[in-house]
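Chemist:
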Amino acid sequence: MAYEAQYYPGATSVAENRRKHMSGNVEKLREISDDDLTLVLGHRAPGSDYPSTHPPLAEMGEPECSVREVVEPTPGAKAGDRIRYVQFVDSMYNAPATPYFRSYNAAINFRGVDPGTLSGRQVVEARERDMEELAKFQIETEMTCPALASLRGATVHGHSLRLPEDGIMFDMLDRCRLENGTVIMHKDQVGRPIDKKVEIGKPMSEAEAAKRTTIYRVDNVAFRDDKEVIEWVHAIFDLSTKYGFKPE
Amino acid sequence: MITSASDTENPVQVEIFPQRFLKPETAKNLINELSAVDGIMRAFVHGPRLPIEVPFGPAKGEIVDHKFREHISVADEDLELTVLVGRIRLELANEEVKQKVQEICDRVISCGFDLKEGLFLQTKQTVSDYARRGPDADPRMLGLADPKGKVGNRVCLLRSME
Chain A
-5 MAYEAQYYPG ATSVAENRRK HMSGNVEKLR EISDDDLTLV LGHRAPGSDY PSTHPPLAEM
55 GEPECSVREV VEPTPGAKAG DRIRYVQFVD SMYNAPATPY FRSYNAAINF RGVDPGTLSG
115 RQVVEARERD MEELAKFQIE TEMTCPALAS LRGATVHGHS LRLPEDGIMF DMLDRCRLEN
175 GTVIMHKDQV GRPIDKKVEI GKPMSEAEAA KRTTIYRVDN VAFRDDKEVI EWVHAIFDLS
235 TKYGFKPE
Chain B
3 MITSASDTEN PVQVEIFPQR FLKPETAKNL INELSAVDGI MRAFVHGPRL PIEVPFGPAK
63 GEIVDHKFRE HISVADEDLE LTVLVGRIRL ELANEEVKQK VQEICDRVIS CGFDLKEGLF
123 LQTKQTVSDY ARRGPDADPR MLGLADPKGK VGNRVCLLRS ME
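In order, the protein sequence lines correspond to chains A and B.
So for the first sequence, our numbering puts the first residue at -5; every next one is plus one.
So for the second sequence, our numbering puts the first residue at 3; every next one is plus one.
1) Which residues in the same chain have their Cβ closer than 8 angstroms to the Cβ of V177 (chain A), if we skip the five residues on either side of it in sequence?
2) Tell me which residues of the stretch 131 to 162 of chain A have at least one Cβ-Cβ distance to chain B shorter than 9 angstroms, keeping chain order.
3) Express the C-alpha separation of G136 (chain B) and S154 (chain A) in angstroms, rounding to a whole number.
4) I'd like to check one pair, F19 (chain B) with F115 (chain B): are the Cβ atoms closer than 8 angstroms?
5) Chain B partners of D168 (chain A), CB-CB under 9 angstroms?
6) Counting pairs of Cβ atoms below 8 angstroms between the stretch 75 to 86 of chain B and the stretch 225 to 235 of chain A, do you hit three or more?
7) Looking only at C-alpha atoms, which of B:Q127, B:A147, B:V66 sits nearest to P187 (chain A)?
8) State yes or no: is the C-beta of A91 (chain A) within less than 8 angstroms of the C-beta of A143 (chain A)?
9) What residues match up with P187 (chain A) in a beta bridge as DSSP calls it?
10) Among residues of its own chain, excluding the 5 on either side of M3 (chain B), which ones have a beta-carbon nearer than 8 angstroms to its beta-carbon?
11) According to the neighbour-count rule (16 or more other Cβ atoms, all chains shown, within 10 Å of its Cβ), is H48 (chain A) buried or exposed?
12) For my contact list, Y1 (chain A) and S27 (chain A) are in at a C-beta cut-off of 8 angstroms; report their separation, rounded to the angstrom.
13) Tell me the rounded alpha-carbon separation between K30 (chain B) and E97 (chain B).
14) Would you list, in chain order, the members of the stretch 16 to 44 of chain B that have their beta-carbon closer than 7 angstroms to a beta-carbon of chain A?
15) Can you tell me whether R156 (chain B) is buried or exposed, with buried defined as 16 or more other CB within 10 angstroms of its CB?
16) Can you grab the Cα-Cα spacing for the pair R109 (chain B) / Y237 (chain A), in whole Å?
17) When Cβ atoms are compared, which residues of the stretch 175 to 203 of chain A fall closer than 9 angstroms to chain B?
18) Roughly how many whole angstroms lie between the Cα atoms of E164 (chain B) and I42 (chain B)?
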């Protein structure tokens, strides 16, 4: 029987969502065009060629190396793209993803990515077209709620603050707005105004966000309710303590 | 040297803590209603800052034009909201005023709120305040603005003290 990877223990909806994010088996909820994505990322003009830092690998003549023969380069590496980043911020108020699970998703399901996990934000650096592939995946699927998560390259403040009355996570640079029930971005991820309003999608209802979240909260699914998770957390803690113990 | 803004009968300090940040319209209604209540001696509006320009990063210097940065009119004074209203701290003359504040909050804030009693505003001048503001500083200004900031720009007197 083929081995099936088991990503996360637990029987609650939060544990199930964590498994979904890690395995990449997430539901697609919306679409964002390539040009719109390029516009909000702000690294190059939409429709323009990818600038490169070196010639395509095929033209460079790589040295003989068994590892290079085994590992197929990513499309971005093949073409010699620049390294560029995408950064997400997820609200503590039942946002679907958290920085850790965005990183797990990136590291497990995408090649050539360098995820950086911080308390309130998550950044991924990769070759430009590889990064765009990942950004598109995470924005279009249930990993992102347009109201509770946003693209923020700089000035990420807001993830731990109460939500404003309109339910859109506070942003000091006002990149996202709710217009006619849809969240639009009228600035790129660092806060520079862009030429058009990019529709990101409709916000999830409170009930739907609570259903899709990967965050344990006492007012939704409490961490202590998930007995299997607690058991594993205790087991790992126990083992790491014992293996770290070194009597002289 | 020690002068207190709370040298009245039984001053009470309360904090209004809404469950969500208030949009400018709700904040305006709330502040307006509170400004009409007799017995509120000092008020402090707190929340995350809404800058005019992007302060740092690649877009530094770009105009933000924040949707929440609005001018509101309170007791015939024009105020610009430089923060998104997250909590309002009040110094009240007595317990009866607290009841009025509670009623106003019940009426205006639709998203739920906490009204906590405690010590939220500075009441005594510290040595640093003395060094910064001198011996004749107005005790009502204590704790209302950043001592390093320009006090005149951020503190608003709605009613002169008789």
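We treat Cβ as the ideally placed atom computed from N, Cα and C, and that holds for glycine.
A quick note: this is a predicted structure, and the numbers were derived from the prediction, not measured.
Modeler: Let me lay it out:
1) Correct list, in chain order: P140, A141, I162, C170, R171, E193, I194, G195, K196, P197.
2) Residues passing the 9 angstroms Cβ filter: G147, A148, T149, H151, G152, L155, R156, L157, P158, E159, D160, G161.
3) The straight-line gap from Cα to Cα measures roughly 39 angstroms.
4) Taking 8 angstroms as the cut-off, the beta carbon of F115 (chain B) is found closer than this to the beta carbon of F19 (chain B).
5) Going along chain B in sequence order, the residues near D168 (chain A) (Cβ under 9 angstroms) are L52, V66, D67, H68, K69, F70, R71.
6) Contact between the stretch 75 to 86 of chain B and the stretch 225 to 235 of chain A is absent, with fewer than three C-beta pairs closer than 8 angstroms.
7) Closest by alpha carbon: B:V66.
8) The answer is yes: Cβ separation under 8 angstroms.
9) For P187 (chain A), which the question treats as bridged, DSSP gives the partners A:K181.
10) Its pLDDT being 41, under 50, M3 (chain B) is placed unreliably by the model, and the measurement read from it follows with that caveat. Excluding residues within five positions, the ones whose Cβ falls inside 8 angstroms are Q127, Y132, P137.
11) Per the 10 Å Cβ criterion, exposed.
12) Contact flag wrong, Cβ pair sits at about 31 angstroms.
13) Computed Cα separation, rounded: 24 angstroms.
14) Within the stretch 16 to 44 of chain B, the residues whose Cβ lies closer than 7 angstroms to some Cβ of chain A are Q21, R22, F23, L24, K25, T28, listed in chain order.
15) An exposed status is given to R156 (chain B), since fewer than 16 other beta-carbon atoms sit within 10 Å of its beta-carbon.
16) Rounded to whole angstroms, R109 (chain B) and Y237 (chain A) show a C-alpha spacing of 59 angstroms.
17) Listed by position along the chain: K181, D182, V184, G185, R186, P187.
18) Because E164 (chain B) carries a pLDDT of 47, less than 50, the predicted location of this residue cannot be relied on, and the following value inherits that uncertainty. Rounded to whole angstroms, E164 (chain B) to I42 (chain B) spans 14 angstroms at the Cα level.
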